[in-house]
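**Student:** Have a look at this one.
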Amino acid sequence: MPDPPRSTKGYRSYDDAHVKRLKFVMRSRDLGFSLEEVRGLLGLVDDRSRTCAEVQIIAEDHLTDVQAKIADLQRIERVLSDTVARCTGDAAPECAVIDALLDA
413 MPDPPRSTKG YRSYDDAHVK RLKFVMRSRD LGFSLEEVRG LLGLVDDRSR
463 TCAEVQIIAE DHLTDVQAKI ADLQRIERVL SDTVARCTGD AAPECAVIDA
513 LLDA
């Protein structure tokens, strides 16, 4: 982000363009875009000759990453759920969770 101008007392003075840009960054981060991807998107925002196709490439790549993470998390959930279900939770020293972690 470009530095905003300062008042005579040294306070930063953010105008609507700064606020809009900051909201763009925050929303992009909320959607999981990396700082590098946000920089790329901002570069396209600043480039008046950008095309929607260029933005789509970045968004599709990010979507693919998100889908892969979801698949990994679903796999982790299945394994952990199965392992926890085998755990008796009693005072016995044998534990299915510990056994699964040791056997991994």
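Using my numbering, read the sequence shown as starting at 413 and increasing by one per residue.
Ideal placement from N, C-alpha and C gives every residue a C-beta, glycine not left out.
None of the values given here were measured: they were computed from a predicted structure.
1. At the level of alpha carbons, what is the spacing between Arg418 and Leu434?
2. Pick helix, strand or coil for Met462, following the three-state DSSP scheme.
3. According to the neighbour-count rule (16 or more other Cβ atoms, all chains shown, within 10 Å of its Cβ), is Leu453 buried or exposed?
4. Rounded to whole angstroms, what is the Cα-Cα separation between Val366 and Asp459?
5. Quick check: what's the CA-CA separation for Val450 versus Val467?
6. In the DSSP assignment, find the alpha helix (DSSP H) that holds Phe436 and state where it starts and stops.
**Tutor:** The structure says:
1. By one-based count along the sequence shown, residue 418 stands at place 6. By one-based count along the sequence shown, residue 434 stands at place 22. In this structure, the alpha-carbon of Arg418 lies about 17 Å from that of Leu434.
2. One-based indexing of the sequence shown puts residue 462 at position 50. According to the sequence as given, residue 462 is Arg; it is not Met. Note: Arg462 maps to coil in three-state DSSP.
3. For the purposes of this step, residue 453 is identified with residue 41 of the sequence shown, where counting begins at 1. Leu453 counts as buried, since no fewer than 16 other beta carbons sit within 10 angstroms of its beta carbon.
4. Because the chain in this structure spans residues 413 to 516, residue 366 falls outside the shown range and cannot be described.
5. For the purposes of this step, residue 450 is identified with residue 38 of the sequence shown, where counting begins at 1. For the purposes of this step, residue 467 is identified with residue 55 of the sequence shown, where counting begins at 1. Their Cα atoms are separated by approximately 11 Å.
6. Against the sequence shown, residue 436 aligns to sequence position 24. Taken as a continuous stretch (DSSP letters only), the alpha helix (DSSP H) holding Phe436 covers Asp428 to Asp442.
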